[in-house]
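Have a look at the structure below before the remarks.
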Amino acid sequence: MITFEEEVITMANENQQQGRPSRATPEIRQQRHESRAGSTYKAFIKELCAIGNLDEELAECAAVSVLCGLEQRVMGEEAADLEAQLPSKLRELVTRCAFHEGKPRTKFGRDDFFQMVADDLKKNVDEVEPIVRAVLTTVRAQVSEGEAEDFGNMLPPDLRSLWARPS
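For the sequence shown, position 66 matches number 150 in my numbering, and the numbering has no gaps at all.
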């Protein structure tokens, strides 16, 4: 069975070989966009699973928790700048989750961040540091080095060490 994406690629190749421009309708463009977004998200989760040695369900929950926590902690435009460089499906994770919606931004440190993630994932606080590091490493790989540095500089020192490029 041929997928929609394969069909679109085949049609585009045929048009190109025959010297005709490819005329994608808005619906086809939207389907392409959604397909790429889904593929990028799946690749992100797959990479997170590999880096953190996590199953897919935990990886998705961890990504939501950690990214929501970052969004709550970072002040100003830097969260928007980071978000702008992420693939579209990941951008959705940087926004506040339903659990934290409406709560004011607060300054918190590493211990509070770990506790928040532990509560979200229903894990002991001493189990979440490797999970947080895996999420942050995977997210950092999605953005330019300049943006990663700018974003890291917005974090307090104890959280910045979690964001730092792994050695």
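Every residue, glycine too, gets a C-beta built ideally from N, C-alpha and C. Since we're looking at a predicted model, the values are computed, not measured.
- When only Cα atoms are considered, Asp139 and Asn237 end up about 31 Å apart.
- Under the three-state reduction of DSSP output, Lys173 falls in the helix class.
- With 16 or more other Cβ atoms from the protein chains shown falling within 10 Å of its own Cβ, Asp204 counts as buried.
- In this structure, Gln226 places its C-beta atom within 7 Å of the C-beta atom of Leu170.
- If you draw a straight line from the Cα of Trp247 to the Cα of Thr109, it comes to about 41 Å.
- Taking each of Ile215, Lys191, Asp242 in turn and checking the Cα distance to Glu155, the smallest one comes out for Lys191.
- In this structure, DSSP gives Asn208 a state outside helix and strand, which the three-state scheme calls coil.
- For Ala134 and Ala164, the gap between their C-alpha atoms comes out near 27 Å.
- With distances taken between CA atoms, Ile215 lies nearest to Ser149 out of Gly230, Ser123, Thr124, Ser149.
- Distance from the CA of Ala202 to the CA of Thr222, rounded to the nearest whole angstrom, comes to 19 Å.
- One thing to note: Leu151 has its Cβ no nearer than 7 Å to the Cβ of Arg194.
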